[in-house]
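Following: one structure in structure tokens, then a few remarks.
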Ligand code: NAD
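Numbering (my numbering), first residue to last: 23 to 388.
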């Protein structure tokens, strides 16, 4: 396979970063900068092969373009992956080398945390470049995005409940949450505070025990959570969770959760959910709170303003449901078409990067 045949073939730029001194091997994929500089987290993963890493970074960076476009952010889509074992490779020099590669892109790509990358890692990256978000070391850094992601998911669930069940609140409804890690835990707190009954499952026994005590949640096994009798099934753990086997078991009329890439096969499984009469909240729309949060960091972080914008996911979600009904298409397709329309209007081929004058969030058209 030729190098330009990887992924979706519509990426602007893919950068391979190699630093033998520290063992850093990373790939930065810039999918589209029509709306602004490409922002997306860095994933540290022990990929089985370099091909797997390329496919992952291409797919994830493309997803970021759509996420930013539907969230109404003036940002493009990008992502980076670091290849290897985080437990063996992480060091100050390692992340400083990564920071220098990002800096060389002059603001076309801005990084943040993703799987296996922590705020303290990004604080090191920030010693070499200002094109980094989700840090705590710089005044105005926004830190961990999980609480705001959870707030956005909560708003998205409320929009689903309004649209599908005609209710203004989750009070008295049963919500089954799969995965009570960083996002799932905060989400349970929001739901419980508004009176929802919770059913939870996680492979981490300590995590479920904590939520069970704090929110009076019923704990079930990880095999049972999908088929619980609930009003909402909220996947907050794994990608690919909506597949032939799970869709056959789901009883909830609504699926709305934080996990990325929930549909194993975007086209087929999106359609299967429609046929089962299940309302699906497109993952990259409902989980955009974290991206909204780091986008605020670029213009001078204000937690209240970021929260307010994350709550806007409620309206975005209703807009998507209306579009899906009007065009008689699945919800995931409807959100894709909203993103594509925005990109088209902004003028494909127009490329932007973040100015050195970071505080003014000045995009330069290049
Ligand atoms: P996390 O690692 O803190 O939590 C995930 C939880 O899922 C863990 O507690 C883990 O034990 C549990 N889990 C793993 N396998 C499971 C299984 N088979 N069944 C049940 N539980 C299982 O991650 P997170 O930051 O809470 O993110 C959750 C999801 O949301 C991920 O898919 C992530 O990509 C997505 N997401 C997160 C953010 C964010 O701000 N953190 C933003 C957007 C999307």
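For each residue, glycine too, the CB sits at the ideal point set by N, CA and C.
Let me check one thing: in DSSP terms, what residues is residue i bridge-paired to?
i, result
"residue 276", "254 and 301"
"residue 135", "64"
"residue 196", "219"
"residue 101", "51"
"residue 35", "52"
"residue 264", "285"
"residue 313", "None; residue 313 has no bridge partner."
"residue 46", "41"
At a cut-off of 7 Å, would you count residue i as near the ligand NAD, judging by its Cβ distance to the nearest heavy atom?
i, result
"residue 198", "no"
"residue 338", "no"
"residue 204", "yes"
"residue 244", "yes"
"residue 304", "no"
"residue 108", "no"
"residue 282", "yes"
"residue 224", "yes"
"residue 260", "yes"
"residue 138", "no"
"residue 229", "yes"
"residue 87", "no"
"residue 163", "no"
"residue 312", "yes"
"residue 129", "no"
"residue 168", "yes"
"residue 155", "no"
"residue 68", "no"
"residue 265", "no"
"residue 22", "The chain is shown only over 23 to 388; residue 22 falls outside these bounds and no answer can be derived."
"residue 201", "yes"
"residue 126", "no"
"residue 251", "no"
"residue 309", "yes"
Determine the DSSP secondary structure at residue i, reduced to helix, strand or coil.
i, result
"residue 41", "strand"
"residue 379", "Since pLDDT at residue 379 reaches only 46, below the 50 mark, its modelled position is unreliable, and no value is offered."
"residue 147", "helix"
"residue 242", "coil"
"residue 83", "helix"
"residue 202", "coil"
"residue 54", "strand"
"residue 156", "coil"
"residue 365", "helix"
"residue 127", "coil"
"residue 388", "At residue 388 the pLDDT is 39, less than 50, meaning the model places this residue with poor confidence; the figure from the coordinates comes in the next sentence. Looking at residue 388 - three-state DSSP - the assignment turns out to be coil, as it is neither helix nor strand."
"residue 329", "helix"
"residue 71", "coil"
"residue 107", "coil"
"residue 227", "helix"
"residue 335", "helix"
"residue 24", "coil"
"residue 21", "Absent from the model: residue 21. The displayed extent of the chain is 23 to 388, so no value can be given."
"residue 350", "coil"
"residue 209", "helix"
"residue 178", "helix"
"residue 95", "coil"
Does the Cβ of residue i lie closer than 7 Å to at least one heavy atom of the ligand NAP?
i, result
"residue 238", "Within the structure as shown, the ligand NAP is missing, the only ligands being the ligand NAD."
Inset, instruction - Evaluate the contact criterion for the region 337-344 versus the region 291-311: three or more CB pairs, one atom per stretch, below 8 Å. - result: Yes, since at least three Cβ pairs between the region 337-344 and the region 291-311 fall closer than 8 Å, the two stretches touch.
Inset, instruction - Tell me, please, whether the region 40-57 touches the region 320-336 by the rule of three or more beta-carbon pairs shorter than 8 Å. - result: With the cut-off at 8 Å, the region 40-57 and the region 320-336 do not touch.
Inset, instruction - Evaluate the contact criterion for the region 164-172 versus the region 206-219: three or more CB pairs, one atom per stretch, below 8 Å. - result: Yes, they touch.
Inset, instruction - Specify whether the region 327-334 and the region 174-184 touch according to this definition: at least 3 beta carbon pairs, one from each stretch, less than 8 Å apart. - result: Cβ pair count under 8 Å is three or more, so yes.
Inset, instruction - Flag this pair as touching only if the region 151-168 and the region 181-194 have three or more C-beta atom pairs under 8 Å; answer yes or no. - result: The region 151-168, when compared against the region 181-194, does not touch it at the 8 Å Cβ threshold.
Inset, instruction - Indicate whether the contact test is met: 3 or more Cβ pairs, each with one atom in the region 65-74 and one in the region 104-112, closer than 8 Å. - result: Verdict: yes, contact present.
Inset, instruction - Count the CB pairs spanning the region 243-251 and the region 127-139 that are closer than 8 Å, and state whether there are at least three. - result: The region 243-251 makes no contact with the region 127-139, as fewer than three CB pairs between them are under 8 Å.
Legend entry - Segment contact flag, the region 194-209 with the region 255-272, C-beta cutoff 8 Å, min 3 pairs: Three or more beta-carbon pairs separated by less than 8 Å link the region 194-209 to the region 255-272, which places the two stretches in contact.
Legend entry - the region 116-124 / the region 146-157 touching (three or more Cβ pairs under 8 Å): Verdict: yes, contact present.
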